[in-house]
Amino acid sequence: MARRGLRTPVPDVAALSSFLVSAVGLAVPLALAALGETVSQRAGVINIGLEGSVIWGALGGALGSLAGGGYAGLLAGALAGGAAALVFAVFAVRLNTDQIITGTAVTIGSLGFTGALYQSRFGVTGVALELETLPAWELPLLSRIPVVGPALFDQALTAYLVYVMVPLLAWLLFRTRWGLALRAVGESPEAAHAAGVPVVRTRMLAAVFAGLMAGLAGAHLSLVHTGTFAENMSAGKGFIAIAVVVLGRWRPAGVLAAALFFGGAEALQFALQAFDADLPYPLFLALPYVLSLAALAGWFGRSRAPEGLALPWPRRGH
Amino acid sequence: MSDQSGTPRVRADLRPALGAAAALLATMAIAAALLALGGHSPAVAFGALARGAFGSWHNFISVTLVQATPLLLTGLAVALAFKARVWNIGAEGQLHAGALAGVAVAVSVPASSAFLLLPATLLAAAAAGALWASVPAAMKTRMGVGEVITTLLMNFVALFLAQFLVHGPLRESRGVFNQTDAIPAAAQLPTLIPGFRLHLGFLIGILIAVALWLYLARTPGGFRIRAVGASPRAAEVSGRFRTTPVIWRAFLVSGAIAGLAGWIQVSGITHRMYEGLSPGWGYTAIAVALLARLHPLAAVLTAIVFGALSAGGGAMQREAGVPDVWVRGIEALVILAVLTVDRVLQTIDRRAARGSPRAAHSRA
Amino acid sequence: MTAAVSLRGVTKRFGALRALDAVDFELAPGEIHGLLGENGAGKTTLARVVAGLLAPDAGRVQIGGREVRLGSAAEARALGVAMVHQHFSLVPRFTGFENVALFNAEAWTPRGGVRDDYRGRIEARAAELRLPVQLDVPVERMGVADRQRIEILKALMGETRVLLLDEPTAVLAPQEVEGLFAVLRRVAAAGTGIVLVAHKLDEVLAAAGRVTVLRRGRWVLTREAGGVTARELADAMVGVGGVAAGLPGGGSVLAGQEAPAPAIVAELKDVSAASVSGAGLRGVSLAVRRGEILGIAGVGGNGQRTLASVLAGLQAPDAGEAVLPAEAGWIPQERDGEGLVNDFTIAENVALAVHAKGAYRRGPWLDWAEVEEAAAALVGEMDVRSGAPGVAAGTLSGGNQQKMVAGREFLRSGKLLVAESPTRGLDVKATVAVRERITALAKHGDRAPGIVLISTDLDEILELSDRIAVMVRGRLIPVPPEDHNPAAIGELMLGAGSRGGVRHQADARDRPGARETAG
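If you read the protein sequences in the order shown, they are chains S, B and V.
The first sequence runs contiguously to residue 322 in my numbering.
The second sequence runs contiguously to residue 621 in my numbering.
The third sequence runs contiguously to residue 604 in my numbering.
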């Protein structure tokens, strides 16, 4: 059965183009959340609660959209994601509790409370919510580029946010005092502290920024990708974003590439599933995680997490 | 000697329990406030939850304890790892690996005797869980890669591997649903009490809890795990042993127990493996272990608490109209409450400790 | 002229310990001021108070004539105080340039970018100070001297009026030390006041214009470097005329040595061993007999740690022969985190040493009853106050913790006990108590272990030891009994080598007869 797929002629340009559209669409929420998480991890904070921010973003997006239209939804989604991350940061940074356990709690709680809020608002049966989706902005000329044009330049606002964020964050992180201080906090909070950088404040801000970005990612899911909200619709996107950060080696451009890779794997899986149910498509989905592990193991050269990642500050004596 | 040590020992033993109780109370208070805010009556909701979990023998034994079983096993896995300060958040993946290995053995080995097949499947599940944990273990001990990210990544690999197998090689022979064939009766764990769904797996969980407790409290090997968790440097200098083998042991045993959790669920309850076997037990396990203060025997209690939450959630929804997803929110509140209580206790400790000898001799 | 720094009556307590006790101190602009003292004398604490990193409990601090808020690092920075820590505060993965820029606000434009000319300014400053630095290499790939130069340059890029250096020479080779001092002289010549914290006398005398000696948190003296000898400073550091003067000379100790010699429990023959950090061992020979205390004096970082871990069996010698008991007790320098686990009970801390021993096992089980019995006995024998087997070690005072560790290490091995700065960080009462216990262990009759006492505290060595040797740059120099006095030992400790005269004198005097005494 699987053979049949191989014997078909090379997919035509239209098929390739629609695959790319789908891949980019799937990559956008991953990239948004992962770009935020990159900043957070660069400051030494690993936010496993990112998944929680994504689901809050999706619900916030839905509620905001019902109240004030799509762009209000986008804003509400970002704020909702940021609020979830603020809860995380108050515990994990301000109170200095364990980052991993706190993040896990925030994720579990967010999945629960978003579900509760959704059901109390729309009923337990959950009539499928119909949301106005954000329109795609077709950029003149650019969207006409063969094959990649429609995929890259006929997308909703969220995709363009990614395009702006990647160079912006790269510049901020690696070319500014602010970025140097933030990275110092993530590498060696002691040295950063000695240089006068406010470690706790920096970490709080970075964690909340990650939440805002993850909230945008969630809003993308409800307002661009599906036009509805469903419980658990984040479906692990927040966790995947953490893998994206690892595979992207904590650099915005790398993170974008890794997000496209993950998105591509997912799009390929959908394409194959529709095409031939017998192909081992779940293995395509597993591949990016395996590659992330390989990257950590140094198979593609040195790739190290920030030295101070997940470590408490101030240091706890034991 | 015993009269001399009596008083302080009682204090040392009671404090974690008191802390856990305080955390639970705080959680209930906050949950009540949130329920009220959401327009529900906390009393009605808690009442329905309690009845759903404990209201009848059926509810308690066939629902609560059945729900508690995978939570107990994964909770023990997490507790042991955390005891050695190994942050294994990969119980979810190890659980899937174990379930797959158990099913694979059960459906492929043509043995009809439960005395052969059950031990073989349990062994396979434990081995698979340990194998799944060995990847992060190797990366931590050989390459210095932190286990938090690696165990998390391994979870997804396991989920997709499970998805692949139930869609493909292990798919049921009818070819209707994406699930495995039913396992033969010889591979099914027997129920404990006629008429109730509770199965031998719960007993296995309690046995493992007792064994782990004895191991940690009474054996040199368990003592080393605790020493590494308390202070790796002191373990090397004053304990005169290498920490790497101890860390490996924590990873492997933790993975094996989590692997058992997955297979025991299949063998005792579902009898088939399918996608979405676990609703996130491997993550809830962190709450179970934490509330138990990483104590294996206490984990039996806390697993029942969380089993009751999930069992009572349904009743809460039916009787009080409170969506059962509240239960997940309450789980999260428990974790945050435990963390907060811990910080408060630590702060009190630090205030109580006389002066700061640490600061004095590190900066002379 | 306004003093660059002025301290009046500064007191800083850590628990019961007075790290600084009503200390006055003055630093003039453009001077290099050596701050001397043994470990624990309060030198680093004083420097950290000036840098605003510690708030003193009492006293006043003025910088450039202005009264400053106590414990405000930001204010100290703003007034031009910079500190080079013993453990550098550099971000390992950042390049030299990034580390310098991180620390200096003037590297940045208001919009957050690096100033175009800043790199040029760093290079110019480095050239001016004749400080060769690697700006584009990550710090983690630099040698320790290169890192130190980055740290110094980092501190000197701004308007630095006061430069505090904490033990800057401890990590440097002799030829590097001279280079550092040349830089410091240039910096001082430009008007910056420099505090040079050190415990090597000869180095301080070579670099400093004035020296101040602290001892046990108290000010002892301040002199012009030209008007004081190394001998006088050594006496001031170790407190001749104080406690040590009241001790008997070599006489009684000598008598002990002539008694019929008990069995040798540990012996090193020409042992050399490398060290990860600090000095290793170079051709060290020694023998320890039952019931004696062999005191190893010396300035910290001269190979004592390596000696301890070789004797304890944790490190094999690279060359030479070590005849050691199967297990040796070791009271490590750091109690918290090495010697004991705060969260463990006393019984559990005892179990750290005995959990693998057959006597404390019953089948596969650890015999806690046996361990608790041993712990209870230990608590009584070592006089661990408010201790019981079930009490958490973290609740004990430092002195009682140390007594517990000493007792446990004796329990581990009745043959050889290595005590590494056992009274470091303890107050006077606890110090006396711990010393009493160690002496008592050595008088355990037939069961008495041989004790190697490694300490930077000369009082302690003189008070407790039957025989004494001095550790200098990885070598062990025996001290003949007639030289068992602070002056003679202090001279040997001076850091022989760079001040050739002293060293040769000491060696020449040591050689005859001394070899056998320690060997």
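Note that the Cβ used here is the ideal one computed from N, Cα and C, for glycine as well.
Taking 6 Å as the limit between beta carbons, can you name the residues of its chain near residue i, skipping five residues before and five after?
i       : result
A157(S) : Note that residue 157(S) is Phe in the sequence shown here, rather than Ala. So the list reads L143, L146, S147, once near-sequence residues are dropped.
R317(B) : Checking the sequence shown, residue 317(B) turns out to be Phe, not Arg. Once the five neighbours on either side are set aside, the close Cβ partners of F317(B) are F311.
A31(S)  : A263, L264, G267
Q171(V) : D251, E252
R253(S) : S307
R375(V) : P347, A348, V350, A533, G535
In chain order, what residues of the same chain lie with their CB nearer than 8 Å to the CB of residue i, ignoring the 5 residues before and after it?
i       : result
G104(S) : The residue you asked about is not Gly; residue 104(S) is Ile in the sequence shown. If we look at I104(S) and ignore the five residues flanking it on each side, its Cβ neighbours are I50, I52, A314.
S430(B) : D438
Checking the sheet assignment: what are the DSSP bridge partners for residue i?
i       : result
Y531(B) : Q436(B)
V199(V) : W193(V)
M556(V) : L561(V)
A407(V) : L353(V)
W453(V) : Its beta-bridge partners do not exist; DSSP assigns none.
E309(V) : R295(V)
H477(V) : One point to set straight first is that residue 477(V) is Ala, not His, in the sequence displayed. T430(V).
Q159(S) : W141(S)
P223(V) : T180(V)
A504(V) : I416(V), L538(V)
R374(V) : I349(V)
W304(V) : L299(V)
G519(B) : Its beta-bridge partners do not exist; DSSP assigns none.
I381(V) : I539(V), A554(V)
T500(B) : For T500(B), which the question treats as bridged, DSSP gives no partner whatsoever.
T524(V) : Paired residues: none, contrary to the question.
Looking only at its own chain, which residues have a Cβ that is under 7 Å from the Cβ of residue i, when we skip the five neighbours before and after it?
i       : result
R446(V) : D452
P580(B) : Q574
message = Taking 8 Å as the cut-off, does the region 392-399 of chain V touch the region 493-506 of chain V (at least 3 CB pairs, one atom from each stretch)?
response = yes
query = Counting Cβ pairs, one atom from each stretch, are 3 or more of them under 8 Å apart for the region 543-553 of chain B and the region 325-344 of chain B?
reply = yes
query = Taking a cut of 9 Å between CB atoms, which residues from the region 396-426 of chain V lie near chain B?
reply = A397, G398, L399, E412, W415, P417, Q418, E419, R420, D421, G422, E423, G424, L425, V426
message = If the cut-off is 7 Å on Cβ atoms, which residues from the region 185-203 of chain V count as contacting chain S, listed in chain order?
response = A186, L187, F188, W193, G197, G198
query = For the region 45-62 of chain S, which residues have a beta carbon sitting closer than 9 Å to at least one beta carbon of chain B?
reply = I50, I52, G56
inquiry  = Against chain V, which members of the region 459-479 of chain B pass a CB distance test of less than 9 Å?
reply    = L471, A474, R475, T476, P477, G478, G479
inquiry  = At 4 residues or longer, what runs of the alpha helix (DSSP H) sit wholly inside the region 92-177 of chain V?
reply    = 128-135, 158-163
key: Under 7 Å (Cβ pairs) to chain V, residues found in the region 167-189 of chain S   = R179, T180, R181, W182, L184, A185, A188
Three or more C-beta pairs below 8 Å linking the region 561-568 of chain B and the region 107-121 of chain S = no
key: Members of the region 195-208 of chain S that neighbour chain V once the beta carbon cut-off is set at 9 Å   = A195, A196, H197, A198, A199, G200, V201
key: Residues of the region 494-509 of chain B with Cβ closer than 8 Å to any Cβ of chain V, in chain order   = V494, S495, G496, R497, F498
inquiry  = Quick check: the region 476-483 of chain V against the region 496-510 of chain B, are at least 3 beta-carbon pairs closer than 8 Å?
reply    = no
task = Could you name the residues of the region 332-357 of chain B whose beta carbon sits closer than 7 Å to any beta carbon of chain V, in the order they occur along the chain?
result = none
task = Compile a chain-ordered list of the residues in the region 278-305 of chain V whose CB is closer than 8 Å to at least one CB of chain A.
result = No chain A is part of this structure, whose protein chains are labelled S, B and V.
query = Would the region 84-98 of chain S and the region 55-74 of chain S be scored as touching if the rule is three or more Cβ pairs under 8 Å?
reply = yes
task = With 9 Å as the limit, tell me which residues of the region 435-447 of chain V have their beta carbon closer than that to any beta carbon of chain B; keep them in chain order.
result = A436, L437, A438, H440, A441, Y445, R446
key: Cβ contact check for the region 95-109 of chain V and the region 147-154 of chain V: 3 or more pairs under 8 Å   = no
request  = Could you name each continuous beta strand (DSSP E) segment of 3 residues or more that falls completely within the region 406-487 of chain B, going from the start of the chain to the end?
outcome  = none
Cβ contact check for the region 33-47 of chain S and the region 241-248 of chain S: 3 or more pairs under 8 Å = yes
key: Complete runs of the alpha helix (DSSP H) confined to the region 233-277 of chain V [at least 4 residues]   = 259-274
inquiry  = Residues of the region 408-440 of chain B in Cβ contact with chain S at a cutoff of 7 Å, in chain order, please.
reply    = L409, L410, F413, V414, F417, L418, Q420, F421, H424, G425
query = Counting Cβ pairs, one atom from each stretch, are 3 or more of them under 8 Å apart for the region 534-550 of chain B and the region 448-467 of chain V?
reply = no
task = For the region 111-124 of chain S, enumerate the residues whose C-beta is nearer than 9 Å to any C-beta of chain B, in chain order.
result = T111, I112, G113, S114, L115, G116, F117, T118, G119, A120, L121, Y122, Q123, S124
ask   = On the three-pair Cβ rule with 8 Å, is the region 216-229 of chain S touching the region 15-24 of chain S?
value = no
query = Just by C-beta distance, which residues in the region 236-247 of chain S are closer than 8 Å to chain B?
reply = G240, F243, I244, I246, A247
task = Could you name the residues of the region 207-236 of chain V whose beta carbon sits closer than 9 Å to any beta carbon of chain S, in the order they occur along the chain?
result = none
request  = Ignoring anything shorter than 3 residues or poking outside the region 24-109 of chain S, list the beta strand (DSSP E) runs there in chain order.
outcome  = none
query = Do the region 306-322 of chain V and the region 121-140 of chain V touch if we need at least three Cβ pairs shorter than 8 Å?
reply = yes
query = Just checking, does the region 410-429 of chain B make contact with the region 287-295 of chain B on the three C-beta pairs under 8 Å criterion?
reply = no
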